[in-house]
Every structure is written in C-alpha cells, then in structure tokens.
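Q:
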Amino acid sequence: MLEDAHIMQLSQGFSRLSRAERFRRLEALGVLTAEDIAFLEEGGVRRTDLAENLIENVIGYFQLPLGVATHFRIDGRDYVIPLAVEETSIIAALSKTAKWIKHRGEITTWVSGECIIGQIQLAQVRDFAKFTQIIMANKQFLIEKVNEDVAANMVKRGGGVRDLTVRELQDAHNNTMAVIHITMNSCEAMGANILNQVLEYLKSPIEKLTHEKVSMCILSNLNDTKITHARVVIDDVPKDLGTRIEHASLFAEADAYRAATHNKGVMNG
Numbered sequence: 589m590l591e592d593a594h595i596m597q598l599s600q601g602f603s604r605l606s607r608a609e610r611f612r613r614l615e616a617l618g619v620l621t622a623e624d625i626a627f628l629e630e631g632g633v634r635r636t637d638l639a640e641n642l643i644e645n646v647i648g649y650f651q652l653p654l655g656v657a658t659h660f661r662i663d664g665r666d667y668v669i670p671l672a673v674e675e676t677s678i679i680a681a682l683s684k685t686a687k688w689i690k691h692r693g694e695i696t697t698w699v700s701g702e703c704i705i706g707q708i709q710l711a712q713v714r715d716f717a718k719f720t721q722i723i724m725a726n727k728q729f730l731i732e733k734v735n736e737d738v739a740a741n742m743v744k745r746g747g748g749v750r751d752l753t754v755r756e757l758q759d760a761h762n763n764t765m766a767v768i769h770i771t772m773n774s775c776e777a778m779g780a781n782i783l784n785q786v787l788e789y790l791k792s793p794i795e796k797l798t799h800e801k802v803s804m805c806i807l808s809n810l811n812d813t814k815i816t817h818a819r820v821v822i823d824d825v826p827k828d829l830g831t832r833i834e835h836a837s838l839f840a841e842a843d844a845y846r847a848a849t850h851n852k853g854v855m856n857g
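Residue numbers for the sequence shown follow this note's numbering, so the first one is 589 and each next one is one higher.
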C-alpha cells in the first residue's frame with residue numbers, strides 16, 4: 589500500500605508527461621504491470637478471433653483513445669480510473685475536480701437493496717383476481733421449485749429468488765394484462781443470464797397452474813430494488829460558487845432543454 593505522500597508525488601504533473609513516462613508512473617503506482625504496458629504499447633487487442641466470440645459479422649476493431657483520470661479517492665482508497673473517450677477536456681476536468689474534492693471533501697459509495705427484477709407477461713388474462721389468487725397461493729412452491737433447480741448454484745452462493753408479486757396493467761385496447769415480478773439476489777453477478785433462465789423455467793408451471801398463456805419472459809433494466817449510490821461532499825465551498833452551482837442544478841430540474849445537457853455532463857463524469 590503506497591503512502592499518501594508517495595501517491596501525491598507520482599500523480600503530480602501527470603498530464604505533462606510523455607506516454608512512456610506515464611507508463612512508468614502507473615507502474616510505480618502499481619496500477620499497471622510490465623505485461624499491461626507491453627499490451628498497450630502494441631495498440632491493444634488486434635486479434636479478431638476474440639471478437640468473433642463476442643459479436644457477429646466481425647470485420648475488425650474500432651478503437652478510442654484510452655486515458656486515465658487521476659487524483660480519485662473513493663471510500664478512502666485511491667484510484668486511477670481508465671476512460672475510453674474521444675472528447676477533449678473530459679479527463680482533464682475529472683482529474684482536476686477529483687483533486688479538488690480530495691483536498692476539500694470526500695466521495696463515498698454504497699448499495700441499497702440486493703435484488704434484480706425479471707418480468708413474466710401474460711398479455712391477456714380472463715380473470716385477473718382468480719389468476720392472482722392462484723399465483724399467490726402457489727408462490728412459495730414456485731420460489732422453492734426454481735431455487736432447487738436452475739437457481740441452485742446461486743442459492744449456494746447466498747442468493748436465489750427472493751420474492752414473487754403480481755401486477756395488473758391495462759393495454760391500449762383495454763385488455764387486462766398480468767405481469768409477474770420475480771426478484772432475485774444475484775450476489776456479485778450481473779445476473780442477466782441466470783434471471784432469464786429462471787423466468788423461462790417458471791413459464792411452464794405458471795401456465796399449468798393458471799391455464800393462461802405466458803407471452804413474454806424478460807429481465808427489467810429498471811432496477812429499483814438494487815441501487816448504487818455515490819455521494820460527493822465538498823467542504824468550504826465559496827458561497828458565491830455554491831449558489832451558482834445550486835442555480836444551475838435548479839435550472840436542470842425545471843427545464844427539459846437544460847436537463848438534457850446537464851445529464852449528458854453527468855454521464856461524461
């Protein structure tokens with residue numbers, strides 16, 4: 589573990605160094621190994637056989653400049669953050685801001701919740717109340733069944749399907765749609781593949797129990813049951829600067845045209 593003074597020294601004047609000098613600094617920080625540096629000096633991945641295993645109709649690689657943002661201290665640990673971007677000033681602004689925060693405040697992160705969400709849609713149900721009654725009466729059976737089968741390995745790691753709920757929706761033609769929400773703890777995994785397997789596995793028993801037809805099984809990207817938070821606290825901000833930042837934020841909250849640019853800036857960061 590490097591001392592703060594050593595990290596500060598190695599980060600000083602980073603933007604003014606040559607590429608070779610940056611490599612040496614990053615190696616001294618323990619961020620890159622000699623093997624990493626050799627890989628980057630060769631220009632990164634050139635073999636298309638790897639790409640053939642990732643996507644279809646491969647003809648080559650599209651590369652972006654790869655830089656690093658410095659001076660980041662997050663949750664008390666120092667980081668050098670790689671960024672592949674083509675727009676000027678993003679990395680410079682990030683590094684400058686991170687240095688400011690490092691001296692005047694802190695960045696903290698935490699996660700609330702632990703589950704991802706999958707949806708099983710039944711586009712038209714004849715009797716929603718009866719459908720819901722059947723599903724909820726068999727809720728524990730369905731959860732245990734899937735956890736003992738396709739989600740068994742996830743259960744061994746401390747995860748698995750946690751809950752099952754039913755929602756009622758009306759489509760544009762006034763048909764009653766039923767949507768079953770499955771919440772699953774995917775532990776450290778993103779969980780998309782296993783969650784889709786869980787949903788497909790439940791399709792058959794749900795249809796047999798309810799005599800209704802499942803239309804679609806798909807994960808949801810609106811993950812409001814597992815949210816990652818980041819908080820920046822800056823001390824001793826000049827009052828005038830703080831007021832201007834507040835006004836800019838309120839502008840984005842009140843106006844969609846400003847919000848689009850505001851959010852684009854947030855995504856840059």
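Just so it is clear, CB atoms sit at the ideal spot from N, CA and C, and this is done for glycine as well.
With distances taken Cα to Cα, identify the nearest neighbour of residue 694 among 841, 701 and 818.
A: Checking every option, the nearest Cα to that of residue 694 belongs to 818.
Q: Counting along the chain, where does the alpha helix (DSSP H) carrying residue 720 start and finish?
A: Unbroken alpha helix (DSSP H) run through residue 720: 716-725.
Q: Determine the burial state of residue 646: buried for a count of at least 16 other Cβ atoms within 10 Å of its Cβ, exposed for fewer.
A: The residue is exposed, with fewer than 16 neighbouring Cβ atoms inside 10 Å.
Q: What residue does the alpha helix (DSSP H) around residue 739 start on, and which one ends it?
A: Run containing residue 739: none; DSSP gives neither H nor E here.
Q: If you run the structure through DSSP and keep just helix, strand and coil, what is residue 778?
A: Residue 778: coil per DSSP, three-state reduction.
Q: Considering only the alpha carbon of each residue, which of 798, 668, 711 and 680 lies closest to residue 900?
A: Residue 900 cannot be examined here, being either before or after the span of the chain that is shown, 589 to 857.
Q: At which residue ranges does the segment 743-809 contain complete alpha helix (DSSP H) runs of 4 or more residues, listed in the order of the chain?
A: Listed in chain order, they are 780-798.
Q: CB residue 782 to CB residue 742, shorter than 8 Å?
A: The answer is yes: Cβ separation under 8 Å.
Q: Based on Cα-Cα distance, which residue from 607, 639, 746 and 632 lies nearest to residue 651?
A: For the residues 607, 639, 746 and 632, the minimum Cα distance to residue 651 belongs to 632.
Q: Looking only at its own chain, which residues have a Cβ that is under 7 Å from the Cβ of residue 745, when we skip the five neighbours before and after it?
A: The residues are 775.
Q: Of all the options 835, 636, 726 and 719, which has the alpha carbon lying nearest to the alpha carbon of residue 755?
A: Taking only the C-alpha atoms, the option nearest residue 755 is 719.
Q: Can you look up residue 649 in the DSSP assignment and give me helix, strand or coil?
A: Here residue 649 sits in coil by DSSP.
Q: Where do the N-terminal and C-terminal ends of the beta strand (DSSP E) with residue 666 fall, by residue?
A: Counting along the chain, the beta strand (DSSP E) containing residue 666 begins and ends at 665-672.
Q: In this structure, what does DSSP give as the bridge partners for residue 697?
A: DSSP, once it has assigned bridges, lists 818 as partnering residue 697.
Q: Count the other CB atoms, across all protein chains shown, that sit within 10 Å of the CB of residue 613; report buried if there are 16 or more and exposed otherwise.
A: Per the 10 Å Cβ criterion, buried.
Q: Count Cβ pairs between the segment 673-686 and the segment 728-740 that sit closer than 8 Å; are there 3 or more?
A: Result no; under three Cβ-Cβ pairs closer than 8 Å.
Q: To the nearest angstrom, how far is the alpha carbon of residue 792 from that of residue 685?
A: Residue 792 and residue 685: Cα-Cα distance of roughly 53 Å.
Q: Quick one: what does DSSP say residue 597 is sitting in, helix, strand or coil?
A: In the structure shown, residue 597 sits in a helix (DSSP, three-state: H, G or I).
Q: Alpha carbons only, please: which of 844, 842, 640 and 825 is nearest the one belonging to residue 649?
A: Cα-wise, what sits closest to residue 649 is 640.
Q: Are residue 849 and residue 697 close, meaning C-beta to C-beta below 8 Å?
A: Result no, Cβ atoms of residue 849 and residue 697 do not sit closer than 8 Å.
Q: Note down the Cα distance separating residue 737 from residue 749, rounded to an integer number of angstroms.
A: The alpha-carbon atoms of residue 737 and residue 749 are separated by roughly 11 Å.
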